[in-house]
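If you're matching positions, the sequence shown starts at 1462 in the numbering used here and goes up one per residue.
Note that CB positions come from ideal geometry on N, CA and C, so glycine has one too.
Worksheet: the structure to be examined is printed underneath.
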Amino acid sequence: MRGMKHYVNGVFTTTGTAFPLISPLDGSQRGTVPEATREIVDAAVRAARAALEGPWGAASVEERCAYLRRIADGIEARFDEFVAAEVADTGKPRDLAATVDIPRAIANFRAYADLSYGRPERAYHTRVPGWSGSGEALNYTVRRPLGVVAVISPWNLPLLLLTWKVAPALAAGNAVVAKPSEETPSTATLLAEVIDAVRLPPGAFNLVHGHGANAAGEFLTGHPGVDAIAFTGESATGSAIMRAAADHVTPLSFELGGKNPAVVFADADLDEAVEGTVRSSFTHSGQICLCTERVYVERPVFAAFTAKLAERARELKDYGPMISAGHRDKVLSYYRLAVEEGADVLAGGGVPAFGDARDGGFYVEPTVITGLPEDARTVREEVFGPICHVAPFDDEAEAIRLANDSPYGLAATVWTGDLSRAHRVAPKIEAGIVWVNCWNLRDLRTPFGGVKASGIGREGGEYSLDFFSEPVNICVLI
Ligand code: NAD
Ligand code: 6OD
């Protein structure tokens, strides 16, 4: 892969200043990333605006969908390069990048090509006695793009989450200025190369690299030329962006943090519930917003479940690192805090020793703890690492109360052998997504998002297309 570059108005460019790109696998410096100045961000926003007034703004939905399909094909043609770049930036196991991240990025473009092409428009015949003509009016609703959309994404699923916004934004006819996480700029740069190769009209997609606060992210979210902001990241960052957006009343779509519960009933298949919780707590070393950090287990199976979960956590060997030294230190500070708060550490709790180059990387052990009160900080705050706290409950009502006792409400998992119970409990959980006897099973047409501090709005299917467009009702007296 060539060096990291911004992509503005169809041209790859760098800036005077750059920051180091560090490998989470061994702590070595892999390269540098250009830091976008306010001027470059401004040029990107102006290029996007101009694109809306040029060929991109005039493109039909068929033409836009054809571009999306060509972008998907272009990623697929360079699949191994994309996988390697995602692994190098994030340190995640290759298998994860090759089966989830990159296939999903391709699927995001194809899904939004299908969804936006097949989107119905609504019409109503309205009886208007006393008006001239036929006494009827035709009301029909068209949707027009919002304009220039800022896309700001995090480091944990870099290309998946960036394209999850870019694809519907382009499908709906917007022009995009995207800023990936400063930690993971590589696949976004490859995406810009693919977009350049398929000759998307210049300015329809722009990419700027750099940090968030007092830097590229903030230059973008506070820019008066931005018509909407689609952001995924921490809830605290969401608050900062909301403040920046307030000045221009810019519409926001927010996918934020979580402290996701799993509820395990005694009637569940215990082995499946344990394996499911291993996946939901430790996939990508807990660095997925949907990961389980709180596990509530019905008392009769609490001891057996907890012992098995701890045993499986100790057996895990092929896991990736935390994204950065800073994030590793944050996760370790929660490991220490848990002990100070009185937790029993059943598995992990420290830093693994590999005896090879990985010792320079940012690894922490998969960790299972128990014994904390519900008001312990470790139980309430998002750690975003491979740790879960397991606590017992005595009945359904208590399970629901505990699951909902959180400032967050992104996702939840219910493990039970009783389907009636599943249907009874799931809708009572305050979360945007509830999985029953599975985790992270995705259908891209369904609504995705969180309640409370976990977000504003929904992504997925028509929900994203709704966010990225404005309905206009046209009323014609017939
Ligand atoms: P983060 O909020 O630190 O950064 C996300 C992005 O925002 C980055 O591109 C960053 O540069 C930018 N940014 C930071 N400060 C900014 C500012 N003041 N103005 C504009 N942009 C700014 O998040 P992260 O550490 O990259 O990701 C981890 C967090 O993301 C976790 O809290 C996780 O739960 C959350 N997350 C949520 C979802 C979801 O779908 N709900 C998905 C993935 C991650
Ligand atoms: O699967 C998705 O569409 C999605 N937005 C996943 C988010 C995962 C959070 O880390």
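- The nearest non-hydrogen atom of the ligand NAD is 7 Å or more from the C-beta of A1549.
- Taking 7 Å as the cut-off, one finds at least one heavy atom of the ligand 6OD near enough to the beta carbon of I1749.
- The shortest CA-to-CA distance from A1519 to any of V1886, G1608, L1938, A1676 is the one to G1608.
- Taking a C-beta distance under 8 Å as the contact criterion, G1683 and R1507 do not qualify as a contact pair.
- Approximately 4 Å separates the beta-carbon atoms of R1531 and V1659; this is inside 8 Å, confirming the contact.
- Every unbroken stretch of the alpha helix (DSSP H) spanning 4 or more residues and falling wholly within the stretch 1483-1527 is given here in chain order: 1499-1514, 1516-1519.
- A distance criterion of 7 Å places the beta-carbon of F1928 beyond contact range of the ligand NAD, judged by its closest non-hydrogen atom.
- If you check the CB distance, F1928 and G1918 come in under 8 Å.
- Shown here, E1835 sits in coil according to DSSP, grouped into three states, outside any helix or strand.
- A direct Cα-Cα distance of roughly 29 Å separates G1634 from G1718.
- Annotated three-state conformation of L1652 is helix, per DSSP.
- Per DSSP, H1745 lies in no alpha helix (DSSP H) and is assigned neither H nor E.
- Assigned with DSSP and collapsed to three states, I1935 falls in strand.
- Per the DSSP secondary-structure output, H1670 pairs with nothing in a beta bridge.
- Three or more Cβ pairs closer than 8 Å define a contact, and the stretch 1500-1515 meets that threshold against the stretch 1660-1672.
- DSSP links W1876 through a beta bridge to V1725.
- Note on geometry: alpha-carbon atoms of S1700 and S1714 lie some 12 Å from one another.
- V1895 and A1533 have their alpha carbons spaced roughly 29 Å apart.
- Cβ atoms of L1623 and A1649 come within 8 Å of each other, at about 6 Å.
- Put simply, of G1822, P1853, W1900 the residue whose alpha carbon is nearest the alpha carbon of A1549 is G1822.
- Following the DSSP letters along the chain, one finds T1475 in no alpha helix (DSSP H), marked with neither H nor E.
- In this chain, R1565 is not harboured by any beta strand (DSSP E); it is covered by the alpha helix (DSSP H) spanning 1563-1578.
- Placement of the Cβ of P1619 at a distance of 7 Å or more from every heavy atom of the ligand NAD is found.
- In the displayed model, Y1757 falls within a strand according to three-state DSSP.
- Between P1663 and G1477, the C-beta gap is not smaller than 8 Å, which leaves the two residues out of contact.
- Looking at the backbone, the Cα of Y1601 and that of N1934 are separated by about 6 Å.
- Rounded to the nearest angstrom, the gap between the Cα atoms of V1603 and Y1585 is 12 Å.
- Separation of S1647 and F1480 (C-alpha to C-alpha, rounded to the nearest whole angstrom) is 14 Å.
- The stretch 1718-1732 and the stretch 1857-1876 touch, with no fewer than 3 CB-CB distances between them shorter than 8 Å.
- Between A1653 and Y1468, the alpha-carbon positions lie close to 7 Å from each other.
- Counting the other Cβ atoms within 10 Å of the Cβ of E1759 gives 16 or more, which makes it buried.
- C-alpha of A1568 to C-alpha of P1590: approximately 50 Å in a straight line.
- Within the stretch 1770-1825, the complete beta strand (DSSP E) segments of 3 residues or longer fall at 1805-1808, listed in chain order.
- Placement of the Cβ of W1616 at a distance of 7 Å or more from every heavy atom of the ligand 6OD is found.
- DSSP, reduced to helix, strand and coil, places F1715 within a strand of the structure shown.
- DSSP places E1736 in the helix class (H, G or I) of the three-state scheme.
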